[in-house]
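Asker: The sequence shown begins at 10 in this note's numbering and counts up one residue at a time.
Note that the Cβ used here is the ideal one computed from N, Cα and C, for glycine as well.
The structure's right below; bear with me while I get my questions together.
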Amino acid sequence: MRQLSETADLVVRGEVEAAGFRVDEVLRATSGSGVRAGARITLAPLPAGVPDMAHMSKLEAGQVVVLYLAQDPAAPTFRTLSGDFGVFDLSGSGAQTVATSRSQTMAVSGLLAEDPAASGHGLRTTLGELRAVAAQVR
Numbered sequence: 010m011r012q013l014s015e016t017a018d019l020v021v022r023g024e025v026e027a028a029g030f031r032v033d034e035v036l037r038a039t040s041g042s043g044v045r046a047g048a049r050i051t052l053a054p055l056p057a058g059v060p061d062m063a064h065m066s067k068l069e070a071g072q073v074v075v076l077y078l079a080q081d082p083a084a085p086t087f088r089t090l091s092g093d094f095g096v097f098d099l100s101g102s103g104a105q106t107v108a109t110s111r112s113q114t115m116a117v118s119g120l121l122a123e124d125p126a127a128s129g130h131g132l133r134t135t136l137g138e139l140r141a142v143a144a145q146v147r
């Protein structure tokens with residue numbers, strides 16, 4: 010998770026909407042980012058030719074997620090780092106909110122360092138742990 014947080018330009022919690030994404034919380038943003046809680050951002054599709062694109066899920070209106078995003082340098086849009094990689098579905102509420110990696114195969118396998126034993130099984134953690142890791146990255 011730490012490496013994923015370091016790679017992303019923006020880490021946000023919110024809800025997918027028909028016309029983009031409503032940001033409820035910014036867990037991490039690179040310096041100069043103007044994205045704040047309450048903002049609506051545009052999610053761009055991945056470039057054509059991304060391997061395994063046909064096997065990736067879709068972000069659909071109503072989904073509550075944490076997204077690890079890259080900013081498009083040429084437009085005011087964001088995209089996931091690579092399909093399902095960096096997409097965490099949220100369930101529950103408050104301190105018990107659970108974050109589960111969307112992809113089992115394309116997922117980090119540990120919070121601070123990779124865990125080879127967990128590789129290929131996805132990651133299940135709490136929203137609080139995602140916040141803590143994101144806060145450690147500067």
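From which residue to which residue does the alpha helix (DSSP H) around GLY137 run?
Answerer: Counting along the chain, the alpha helix (DSSP H) containing GLY137 begins and ends at 136–145.
Asker: Classify GLY43 as helix, strand or coil using the three-state DSSP reduction.
Answerer: Coil.
Asker: Decide if the segment 38–54 is in contact with the segment 105–114; the criterion is three or more beta carbon pairs, one per stretch, under 8 Å apart.
Answerer: Short answer: they don't touch.
Asker: DSSP puts ARG22 in a beta bridge; with which residues?
Answerer: BP columns for ARG22 point to GLU34, VAL75.
Asker: Starting from the Cα of VAL35, find the closest Cα among VAL20, GLU26, ARG49 and give me that residue.
Answerer: Residue VAL20 is the option with its Cα nearest to VAL35.
Asker: According to DSSP, LEU52 sits in a beta bridge with which residue or residues?
Answerer: Answer is PHE87.
Asker: So the alpha helix (DSSP H) THR16 belongs to, where does it begin and stop?
Answerer: From DSSP, the alpha helix (DSSP H) with THR16 extends over 11–16.
Asker: Helix, strand or coil: which one does DSSP assign to GLY103?
Answerer: DSSP places GLY103 in helix when its eight states are reduced to three.
Asker: Here's the rule: buried if 16 or more other CB atoms are within 10 angstroms of the residue's CB, otherwise exposed. What is GLY23?
Answerer: So GLY23 counts as buried.
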